[in-house]
Structure formats: structure tokens, C-alpha cells
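Since the structure comes first, as C-alpha cells, the remarks are kept for the end.
Protein chains in written order, with the numbering used here: chain X, 912 to 1298; chain G, 912 to 1298.
Take a look at the structure:
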């Protein structure tokens, strides 16, 4: 059993949207195919992966460092001990050999895309949906039949007023979502409060999450927190710089509502620092590490073990990214939920075409592997790019 | 005044050495030329830069993200307010537009190489050595005539015994160095103690720094610390994972000798977390952030301001990397010193050909800009690659 080819390409997910920090007009992702010599139904089994949105494609690191190390690995070095399948952890260790510690950024994104393809391949070889494989291997068979999901939306874009913001949120409700999310921080507080009020008036403050995308200094975060407190929001996301743990800890002592952060932390070590130094409260706060930006599901398994070791429940984990990998993880490992991107970062955002959202819950489905073949527009693009 | 061309290429700095974490047989750096339409002596002024060693070339990020943003910048957007030179901070902000916060790794390395070329260009347009320009602009004219330097050496390589380790250290002493550094952590403690003893016996324990390259868990770091205490070492470098601030803080309460770390932290935010959470002691410890891996000199100016704001002296800063940029920074901004690489990472390691080391001190010299033209083997390679 061996990997016969690894193909990578860059796909555009550009959109005319912006958050408080960046616009997405040039945004790209890396798409990967890992082809094996295992045959099913007369064809080689191929695993597919892509990196999550927000950090650009990583073709250079993939082509120059990660993929050549896998290609150079000796016969059997990437297989499970019994030789019956590929071993994602051995593959991870091989692709990251001779990489120094620290500096978890673009490299983690590149590895995340490749690791996703490896897990898709492994689950397909087992002829199981990935979430069932994870449940059996790592969760004693426990799993969730349905996963809490919420749409990452409410972006700023040119000419978007309160009416169109409300229309967008009404649309999510019509699609079956309950909790909705909106961006804040790109306009003055008073204007953002009007936007929050417009959405809260429509769906109720408890079901509105707001996301500052790391924009605020402490003073601004506190001012927003105080002004938003009456809404009883679902959460207040990424108030300050993702690495400003002190800001987060200070805010947590003064804002009693839920906080959420972690989409811009890309490793076990960074996630551990958030828990150790960020003042996050296990009884209410949310951790949003995205496996498809953070060395992949393999590292995410270590992150789950780390947070449980520090007294947290894995139900506090709700991955960023709105992709099928996060949905599979949440179902098979019983996390708190998953983001969804029904409207943006197409064709990569969102779940399989047949996924039905009811009262804010999604079922993971029975597609083999991660199930990318069941998301037709995305899979057509993947096939066009990497076969 | 405008940038007419930005060229980048990948150079090999492979060597048959290893530290406790990685081997360097495949190590590369990015080399950059930023060409302007400013003419001096009948030729366009060109700034040169390269990324520091240890984190590989970053051609993908440079070609796909950073360089195109500079190429697309409007007339004048990259110039100082008076139009008399390029503005490194505006160039930095432009090259990093639409990059999300957090995730400071390969991107910081790519930006560090480009920022080095920009500062070389800016200083050459001013017809000044960079260290003099920095002294005048940011240090009220203050500067050091000589900089404490030490060779990054003592690597493990196949067949290297105590004799050859001592020969290496004797060679550094013959070249004029005083403090020498050696790697630890790739072999058992007892064997490393024999190595340390061999070097301390030669140069005195006070002049020996040891570097674990982030390899140890807390228990091992404490065991090494206890065993090494009698030597009175110059410092104990990167004992644990660079992001394990808790480990570092715990070690600092129990190892009374100097600690040094920071070469694998790549941003203002990560450096601030080390100061806030890492237990480092301003009266004895060393911070080794490398500007050529960490968004460049522009970010480093902010790091100096940050540490001074937190009550530290800039004399505690001693950049990793052993390159001419670090020497210029240390002289012009009066830091604690600079690493040197007389023997490894050639042709990029070390200083100008005419740099004389006396009693562990180096003079920065009067070459224009960073002075890469005065390091002939390196400059020949730079010219071959990017003209």
C-alpha cells in the first residue's frame, strides 16, 4: 500500500466582503489530492483536502517542503503498524521533519490541507464516513446524531445597509439556522450597535454572535462589551489580537457574557497558551481552533486531549471554517458544534448538498470519508484542479 | 522615486550539521533584490535582503502575496512624507495588507527578507551605513563603536567527538571570539555534560553558552539546569518549546543562571507574551528575536519600544541569526550584542570580510547600507541569483 501521487493547486475563493481587518477579494485556498494504489470499485482511492479560508493558499510550502518529504519516505514509513491503512500521525511527523518548533502560521495551514486529504483517504479505505471512524477510534463509539451549526456571515460590503443585513439573517433563519453571526468593528460603535439591534430585533439577542476579528484594543473591547451587554449575545468573538492573551483575560473579568476565540491560533502550543493565559472561562466560553488551518485533525486530537487535561470539556470546542471536516469532527468526537458558510467562500464553504439544517442543527450524513463528493460544486472544482 | 523591480530567488545553505531538533541538509533562504530608479554613480540603487537561517526560503509567500502588493501600490504610496526616500513602515503595511492577525511564522520570515532589502535600499539612498542611519533616526545619535558577538556553533555532526568540538572552540578563540556557544539536547545528559566540560575546560564555564533548541520538557530542562549550574554558564538557551512560556517561567524560578530564548518567536505579539508570561528576568536573561525572521527591522523597532515599555533594557536584546543586519541593529540601536556564524550557513553566515573580532567584540564598519557588498562570497551568490 502506497501513495502514488500528491497533487496540489490553488483555488480562488474571492468575495466582495470584508471584516474589521481584511477584505477577501484576493483570497485563495490550496486544494490537494492524495492518490493511493488501493483500489475500490475498479478505481484508485483518492483523498481530498483543502485549507480553510482566511490565510491564503500555501503552494510554496507544500511543493518545496511538505510534499517532497512524503514522496521521499521509505516503503511502509507512512503505514499503520499492521500495514492495513495509512497512518495520519506518521504522515504528519514525516511531512514536518526538520521543521523547527514555534512559528505556527502558514506552515500549519499547508499541513492542515494535506492532513485533511490524508484523513479523507484513510476513512475511504475503511469505507466509513470520517465521523464514524473518529467515533470508533477515539471516542469509544460515542457520537452526536446532529451538530449545532451557525452561519459565519454578517460581513460588511459596499452599499450594505440594515435592510440587507436583516434580509441576510432572515435568509439564514429560512434555511434552518438558529444562531447567526455578524461582523463588528469596521465602523464606529454607535453604528455597530444599530446593526446589532437590527439583527437582535429579528432573531433575539441570545441568538446573535458578534465577531470583531481581532480588531480592538482593550479600551474599545471594554466599551463594546459594556454597550452590548444588554443584548445577552450568544458570544463576543475575537475582541482583541488573537495573541493578546492579557487583553482577553482582562476583558473576561469585566464582560460576563460568553467570549469566543481561537481561529487565528494554529497549534497545540498556541491553544494551550490561550487556556493558560487568556482568562477563558470553561463554564461559558468557546474555543474556535480550525483543524484545516492548524496542522489538521491529527493535531486537533492532541488539542482535545490538552484541553481536557486542563479541566475543560470538549463541548467548548467549536471549530472555525464552516467545512465538512469540522462537521465530521464535531459529530464523531462530540464537540460543541461547527461554523458553517452557506453564503461565502464558495464553492468551499458549507456542507454536503443534501445536508438539511433544522432548528440550527445539522446531521453529518453517511458519505464515505469527509464526503466532498457530495458537495457537487466544490467537488467539480476540486476535480478540475487536482483530478 | 519608485521601485522598478523586485527579484527573489532561493539559495541553499545546506550543511551537514544538526541541532537537537532538526538537521540542516535541506536548509534554504530567500534572497531578494529591490531595485529603484534612484541613480548613484551612474547605476540604479539596489537594496538586498535575505531571510535568516532555520526556517527555509519563502518564495511562495513572496511571489504570491507580498511582492504583488508592493508592485500594485500607487505612485508615492511607498515613500516618506517628504518624498525623499522610501518609507519602510509604509512598505511593510502595504506588503502585509489583507493579512489576518496571528499566525506569525513563514509569513514573518518572508516579510523579514523583503524588509531587509528595503532598509538596505533606504540607507544606500541616504549614502550611510545602516547602523549610522538607525542611530540618527531612532537613537538620538547614540551608537556603540563595537558590538559583543559570539559564534553560533558546537553543532552535532556525524563522527564529531570531544577533540573536534574542542578544536572548533579553539578556532573561535583564535578568530577573536570570547563567548562561544554549543548545542545540547541531542544526546543523553551525561554525554552532554562531558561535552560541556570539554569546552568549559578550554575557555572557562562563564564563556560557554549552551543551546537546547527547544527540545526539553520541564523535567529534562530542570535536570540539565541542576547539572549545569556548577559551570556558571554564560546562558542556557531555548530549554523548552519556544511557546511553552509556563515551562520557561517555572525553570526561571529554579535555575539561577541566565536564560536566553526568542529566536523562534516571530512577532511583536509573541515577544510580548514571552515577557508577560515567560518568567524572564530583566537583570540577567536574554531575548533573541531575529529581525530577519520576524517581519524585519521595522517590527523590531516596535519590539524595542515594547520591551522598554515593560521595564526592560534594550541591552537584553541579542538577535539570533549571525547576519550583518543584526550587527548593524546592535551597533546603531545599542542592543546587547549579536550572534555570529563564522563557520555555518555559508555564504550567508557572518559579517563583512574586513570585520575583525577582538576579545569578542566586532566593529560594524563603514560600508554603505547593510554592507553585503563587503562580504564577497555572499554577495557573489546574491548577484548570481538576483542580479
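Even glycine gets a Cβ: it sits at the ideal position worked out from N, Cα and C.
Beta-bridge pairing by DSSP links residue 919 of chain G to G:943.
Residues of the stretch 930-948 of chain X whose Cβ lies closer than 7 Å to any Cβ of chain G, in chain order: 932, 933, 934 and 937. Residue 929 of chain G is bridged by DSSP to G:934 and G:1067. If you draw a straight line from the Cα of residue 962 of chain X to the Cα of residue 933 of chain X, it comes to about 18 Å. The contact set of residue 1157 of chain G on chain X, defined by CB atoms closer than 8 Å, consists of 1187 in chain order. Contact annotation for residue 1176 of chain G against chain X: 1013 and 1014 [CB-CB distance below 9 Å, chain order]. Proximity to residue 1012 of chain G across X:1028, X:1269 and X:1175 peaks at X:1175, based on C-alpha coordinates.
When the Cα atoms are used, residue 956 of chain X and residue 1031 of chain X turn out to be separated by approximately 10 Å.
For residue 1184 of chain X, a Cβ of chain G is located within less than 9 Å of the residue's own Cβ.
Put simply, the stretch 1038-1046 of chain G does not touch the stretch 965-976 of chain X. Fewer than three CB pairs are less than 8 Å apart.
Taken through DSSP and simplified to helix, strand or coil, residue 1148 of chain G comes out as strand.
Proximity of the stretch 1273-1293 of chain X to the stretch 912-929 of chain G falls short of the contact definition, fewer than three beta-carbon pairs being nearer than 8 Å. When only Cα atoms are considered, residue 1297 of chain G and residue 1028 of chain G end up about 12 Å apart. Relative to the Cα of residue 1148 of chain G, the nearest Cα in the group G:1138, G:1159 and G:1141 belongs to G:1159. Excluding five sequence positions before and after residue 1143 of chain G, the CB atoms of its chain that fall closer than 6 Å to its own CB belong to 1116 and 1117, given in chain order. Counted as a single uninterrupted DSSP element, the beta strand (DSSP E) harbouring residue 1172 of chain X occupies residues 1170-1172. Between the stretch 998-1008 of chain G and the stretch 976-988 of chain G, the count of Cβ pairs shorter than 8 Å is three or higher; the stretches touch. Taking residue 951 of chain X as reference, the option from X:991, X:1019, X:928 and X:1033 with the minimal CA-CA separation is X:1033. Residues of the same chain with a CB within less than 8 Å of the CB of residue 1052 of chain X, apart from the 5 flanking positions on each side, are 1046 in chain order. Assignment of residue 1195 of chain X by DSSP, reduced to helix, strand and coil, places it in the coil class.
Residue contact check for residue 970 of chain G against chain X: a CB pair falls below 9 Å.
Contact annotation: the stretch 1064-1076 of chain X does not touch the stretch 1271-1282 of chain X, with fewer than three C-beta pairs closer than 8 Å.
Judged by DSSP secondary structure, residue 1103 of chain G falls within the alpha helix (DSSP H) whose first and last residues are 1100-1114. The alpha-carbon separation between residue 1177 of chain X and residue 1014 of chain G amounts to approximately 6 Å.
For secondary structure counted as the beta strand (DSSP E) over 3 or more consecutive residues, the stretch 942-1017 of chain X holds these complete runs in sequence order: 954-961. Of the residues X:1253, X:1292 and X:1283, the one whose Cα lies closest to the Cα of residue 1088 of chain X is X:1253. For the pair residue 997 of chain G and residue 1036 of chain G, the CB atoms are nearer than the 9 Å cut-off. Counting of Cβ neighbours within 10 angstroms places residue 983 of chain G among the exposed residues, the total staying below 16. In the three-state DSSP reduction, residue 1217 of chain G falls in the helix class (H, G or I). Distances from the alpha-carbon of residue 916 of chain X to those of X:1065, X:958, X:1194 and X:1210 put X:958 closest.
In the three-state DSSP reduction, residue 1080 of chain X falls in the helix class (H, G or I).
For the pair residue 1095 of chain X and residue 1114 of chain X, the CB atoms are not nearer than the 9 Å cut-off. If you keep only unbroken beta strand (DSSP E) runs of at least 3 residues inside the stretch 1217-1294 of chain X, you get 1249-1251. A distance below 7 Å between beta-carbons, with the five flanking residues on each side excluded, links residue 1181 of chain G to the following residues of its chain, in chain order: 1015.
Non-local C-beta neighbours of residue 1226 of chain X in its own chain, meaning closer than 6 Å and more than five positions away in sequence, comprise 1247, ordered along the chain. Excluding its 5 nearest sequence neighbours in each direction, residue 1017 of chain G has C-beta neighbours in its own chain below 8 Å: 966, 967, 969 and 972, listed in chain order.
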